[in-house]
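Here's the structure we're looking at; comments come further down.
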Amino acid sequence: TLLLLLLLFLLPFSSFSFSYSCYFSSHSSSSSSSPPLLPSAPPHLLLLLLFLLLLISSFSSFSSSHSSKLLVLGGGAAGCSMAAKFTSSLGKGQVTVVEPTDTHYYQPMFTLIGGGMKTLSDSRRPMSQVLPSGAEWVKDKIVSFDPDNNTVRTQDGKQIEYEYMIVASGIQMYYDRVKGLLEALEDPDSGVSTNYSPHYVEKTLKNLQRFQQGNVLYTFPNTPIKCGGAPMKAVLIGDEYLRKHGKRDVAKLTYCTGMGVLFPSPFYAEKIQTILLGRGVELHKNKTLVEVDRAGNEAVFKTGDTTERMRYDTMHVTPPMGPVPELATSPLVDQTGYVTVDKTTLQHVKYGNVFAMGDCSNLPTSKTAAAVAAQCKVVYDNLSAVMAHKVLPQSYNGYTSCPLVTGYSKCMLAEFDYTLKPLETFPLDQSKERSVMFQLKKQIMPLLYWHLMLRGYWNGPGVFRNMFHLGGILKQQNRE
Numbered sequence: 042t043l044l045l046l047l048l049l050f051l052l053p054f055s056s057f058s059f060s061y062s063c064y065f066s067s068h069s070s071s072s073s074s075s076p077p078l079l080p081s082a083p084p085h086l087l088l089l090l091l092f093l094l095l096l097i098s099s100f101s102s103f104s105s106s107h108s109s110k111l112l113v114l115g116g117g118a119a120g121c122s123m124a125a126k127f128t129s130s131l132g133k134g135q136v137t138v139v140e141p142t143d144t145h146y147y148q149p150m151f152t153l154i155g156g157g158m159k160t161l162s163d164s165r166r167p168m169s170q171v172l173p174s175g176a177e178w179v180k181d182k183i184v185s186f187d188p189d190n191n192t193v194r195t196q197d198g199k200q201i202e203y204e205y206m207i208v209a210s211g212i213q214m215y216y217d218r219v220k221g222l223l224e225a226l227e228d229p230d231s232g233v234s235t236n237y238s239p240h241y242v243e244k245t246l247k248n249l250q251r252f253q254q255g256n257v258l259y260t261f262p263n264t265p266i267k268c269g270g271a272p273m274k275a276v277l278i279g280d281e282y283l284r285k286h287g288k289r290d291v292a293k294l295t296y297c298t299g300m301g302v303l304f305p306s307p308f309y310a311e312k313i314q315t316i317l318l319g320r321g322v323e324l325h326k327n328k329t330l331v332e333v334d335r336a337g338n339e340a341v342f343k344t345g346d347t348t349e350r351m352r353y354d355t356m357h358v359t360p361p362m363g364p365v366p367e368l369a370t371s372p373l374v375d376q377t378g379y380v381t382v383d384k385t386t387l388q389h390v391k392y393g394n395v396f397a398m399g400d401c402s403n404l405p406t407s408k409t410a411a412a413v414a415a416q417c418k419v420v421y422d423n424l425s426a427v428m429a430h431k432v433l434p435q436s437y438n439g440y441t442s443c444p445l446v447t448g449y450s451k452c453m454l455a456e457f458d459y460t461l462k463p464l465e466t467f468p469l470d471q472s473k474e475r476s477v478m479f480q481l482k483k484q485i486m487p488l489l490y491w492h493l494m495l496r497g498y499w500n501g502p503g504v505f506r507n508m509f510h511l512g513g514i515l516k517q518q519n520r521e
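The number in the numbering used here is simply the position in the sequence shown, starting from 1, with 41 added.
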C-alpha cells in the first residue's frame with residue numbers, strides 16, 4: 042500500500058516537471074506557436090517505476106502464500122495452549138496460528154456471568170495477549186483443506202503450507218436449526234437467552250431480574266455441545282436466584298433435554314437428578330426444542346413424531362452445536378463432521394502429521410476445557426515424537442471434568458474418563474455439593490486458565506490426583 046501511494050505521489054510531479062521543461066525549451070529554440078508534444082519519461086524514471094512494481098509484485102506474492110513448520114487452527118483454549126508449548130520448543134517463527142477473531146473468551150465463566158457472579162469483562166482478553174509472541178498470527182479463517190498436499194487456504198486467498206498441523210477449531214452454535222431462536226435472542230424483551238454466547242449471556246440475569254411469575258424453561262439440544270453440564274447449572278443457579286428474591290413459589294421450572302440421559306456419567310447423572318427433583322424442577326428427556334414462537338411466548342418441542350407447545354415467561358436455550366462447516370466438508374472428518382483421530386493418541390487416523398483435540402475432534406468424551414488440558418500433554422508429546430520419528434509415548438484416557446455449580450455457593454466437581462466412571466482428584470467425595478469446590482470453580486480455575494494453561498504450563502490435575510492416590514483408594518472403599 043505504501044509503495045502504491047509513493048508511486049501515485051511521484052507520477053504527477055514527474056509528469057509536470059518534464060512537461061514544463063519541455064514546453065519552455067521548445068519555445069526558446071523555436072518561434073513556432075504550435076503546442077509542445079507530450080514528452081516521454083526519461084530512463085531513470087522508468088527504472089524507478091519498474092523497481093517499485095517489482096517490489097509490489099514480490100510483496101503480493103509473499104502475502105498470498107506462506108509455509109510453516111507447525112500450523113495450529115484455532116485460537117481457543119486448545120489452540121493457544123499448543124501454540125505456547127510448541128513455540129517454546131520449536132522457536133520463534135516456527136508456529137503459525139490461524140484465528141479470525143480479535144477476542145479470546147474464558148467460556149467456562151459464562152455460567153457465572155448468567156447468574157451475576159462474574160462480569161463479561163472478566164471472561165475476555167485480546168487475542169494478541171493470549172497468543173504466544175513467538176508465533177505468527179494469521180487473522181483469517183480456513184475455507185478449504187488439502188491434507189494430501191499439506192496445505193490449507195484462507196478466506197482471503199492465502200495458501201498456507203505446513204509440515205505438521207493441529208486442528209483445534211472448536212464447534213459453533215447453529216441458531217438457525219431452531220426456528221425463531223435467533224430473532225428471540227436478538228429481541229431484548231423476548232425473555233429468551235443463552236449462556237453459550239458472549240452476545241447473549243448477560244440477558245440471562247436480566248430475564249431473571251424482570252421475571253415476576255409463570256413458567257421458566259431450560260433446554261438442551263439433541264446434538265453434542267460444549268460442557269454438557271452447563272445447561273443444568275443454569276437451571277440450579279436460576280432456581281436459587283428466584284428463591285433469594287422471593288419468586289420461587291410463583292415460578293414453575295422445567296428442564297427439557299433432547300437426550301435420553303441428563304449427564305454422560307451415570308454415577309453423576311443420578312446425583313444431579315436427585316438435586317433437580319429436590320428443587321422442584323420438572324424434568325423431560327428426549328424432548329427437543331424446534332421452534333421459538335416469540336409472538337405467542339411458546340416453545341415448540343418434538344418427542345419422536347409428537348409435537349408439543351409449552352408456554353414460557355422466560356427461557357434459557359442451549360442451541361444446537363456442531364463443527365464449523367468448512368471443516369465438516371473436508372477429508373479430515375468422519376460422517377458426523379468431526380475430525381477423525383485415534384482416541385488414545387489423538388493422531389489423525391489417515392494423516393500422520395495431523396492431530397486434533399478439543400471440541401472439533403470425534404473423541405468420545407465430554408467437550409470441556411478440562412478435557413483439553415489433559416489432551417495438551419498427549420498431543421505435545423506425541424506430535425514431538427512424530428517430528429523426531431519416534432514411537433508415540435502418550436495415551437489419553439478420556440479424562441474430562443465438569444464443575445456442576447448448583448447455586449451461589451455450592452458445586453459438585455464431576456470428573457470421569459472414557460469408562461464414564463468417576464476419576465476424581467481430591468481425597469473426598471466430589472459427588473457432594475461443597476463450598477470449597479465452588480471457590481475452586483469461581484476463583485482458582487480462572488487463574489489456572491489465564492496464567493498456566495494458555496501459556497502451556499497446565500496439563501490438568503493428573504499430578505495432584507497421583508499425589509492423592511491413597512486418599513482416592515480410601516474414598517472409594519468408603520463409598521462401597
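Quick reminder that beta carbons are idealized off the backbone N, C-alpha and C, glycines included.
Alpha carbon to alpha carbon, how far is residue j from residue i? Give it in angstroms, no decimals.
i      : j      : result
Leu368 : Gly378 : 7 angstroms
Asp228 : Glu332 : 15 angstroms
Gln253 : Ile278 : 17 angstroms
Thr447 : Ala410 : 19 angstroms
Leu424 : Ala119 : 14 angstroms
Leu404 : Ala397 : 9 angstroms
Asn394 : Glu177 : 20 angstroms
Leu495 : Leu172 : 8 angstroms
Val382 : Gln388 : 5 angstroms
Glu224 : Asn338 : 13 angstroms
Thr315 : Lys267 : 23 angstroms
Ser71  : Lys199 : Because Ser71 sits at a pLDDT of 40, beneath the cut-off of 50, its placement in the model cannot be relied upon, and the point is left open.
Arg352 : Leu283 : 19 angstroms
Met206 : Thr370 : 18 angstroms
Gly156 : Gly301 : 27 angstroms
Ala412 : Gln148 : 14 angstroms
Ser402 : Gly132 : 27 angstroms
Ala429 : Val420 : 14 angstroms
Lys482 : Pro468 : 17 angstroms
Tyr490 : Trp499 : 8 angstroms
Thr466 : Phe505 : 7 angstroms
Asp187 : Ser442 : 34 angstroms
Val477 : Ser238 : 28 angstroms
Could you spell out the range, first to last residue, of the beta strand (DSSP E) harbouring residue i?
i      : result
Ala340 : Glu339 to Thr344
Ala256 : Looking at the sequence provided, one finds Asn at residue 256 rather than Ala. Run containing Asn256: Gly255 to Phe261, per the beta strand (DSSP E) assignment.
Glu177 : Glu177 to Val179
Leu324 : Glu323 to His325
Met351 : Thr347 to Arg352
Tyr27  : Since the first residue of the chain shown is 42 and the last is 521, residue 27 is not available in this structure.
Met356 : Thr355 to His357
Gly363 : Met362 to Pro364
Just reading off the alpha helix (DSSP H) that residue i is part of, what are its end residues?
i      : result
Met478 : Ser476 to Gln480
Cys417 : Ala410 to Met428
Tyr309 : Pro307 to Gly319
Met168 : Met168 to Val171
Cys121 : Ala118 to Leu131
Arg251 : Val242 to Arg251
Gly503 : Gly503 to Met508
Gly35  : Outside the displayed span of the chain (42 to 521) sits residue 35, for which this structure offers no information.
Taking residue i as the reference, which of the options has the closest Cα?
i      : options                           : result
Lys328 : Tyr259, Asp280 and Gly393         : Tyr259
Gly255 : Pro272, Gly232 and Lys293         : Lys293
Met453 : Asp197, Ile313 and Thr355         : Ile313
Ala415 : Ala429, Lys431, Asp458 and Ser450 : Asp458
Tyr296 : Leu445, His357, Cys417 and Met478 : His357
Met486 : Pro502, Glu474 and Gln471         : Pro502
Asn438 : Lys384, Val477 and Cys417         : Lys384
Ser162 : Val242, Thr359 and Pro360         : Val242
Val354 : Gly211, Asn248, His492 and His240 : Note that residue 354 corresponds to Asp in the displayed sequence, not to Val. Per the Cα distances, Asn248.
Spatial neighbours of residue i within its chain, please: C-beta separation below 6 angstroms, excluding the five flanking residues on both sides.
i      : result
Arg165 : Thr144 and Tyr146
Thr344 : Asn327 and Lys328
Lys182 : Pro141 and Gln196
Ser185 : Arg194
By Cβ distance, which residues of its chain are closer than 8 angstroms to residue i, with the 5 residues on each side in sequence left out?
i      : result
Ile201 : Ser106, His107, Ser108, Ser109, Leu112, Thr137, Val139, Val179, Thr192, Val193, Arg194 and Thr195
Lys285 : Tyr449
Gln480 : none
For residue i, I'd like the list of residues in its chain whose CB is within less than 7 angstroms of its CB, leaving aside the five on either flank, ordered along the chain.
i      : result
Gly497 : Ser122, Ala125, Lys126 and Ser129
Asp375 : Thr381 and Asn403
Pro265 : Met362 and Lys408
Ala426 : Val432, Leu433 and Pro434
Arg335 : Gly221, Glu224, Ala225, Asp228 and Ser231
Taking 7 angstroms as the cut-off, is the C-beta of residue i nearer than that to any heavy atom in the ligand COA?
i      : result
Val427 : The ligand COA is absent from the structure shown, which contains no ligands of any kind.
>> Contact between the stretch 292-310 and the stretch 462-473 is defined here as three or more beta-carbon pairs at a separation below 8 angstroms; is this criterion met?
In response: Touching, per the Cβ criterion.
> Does the stretch 212-229 touch the stretch 152-160, meaning 3 or more C-beta pairs lie closer than 8 angstroms?
Replying inline: Fewer than three beta-carbon pairs drawn from the stretch 152-160 and the stretch 212-229 are found closer than 8 angstroms, and the two stretches are therefore not classed as touching.
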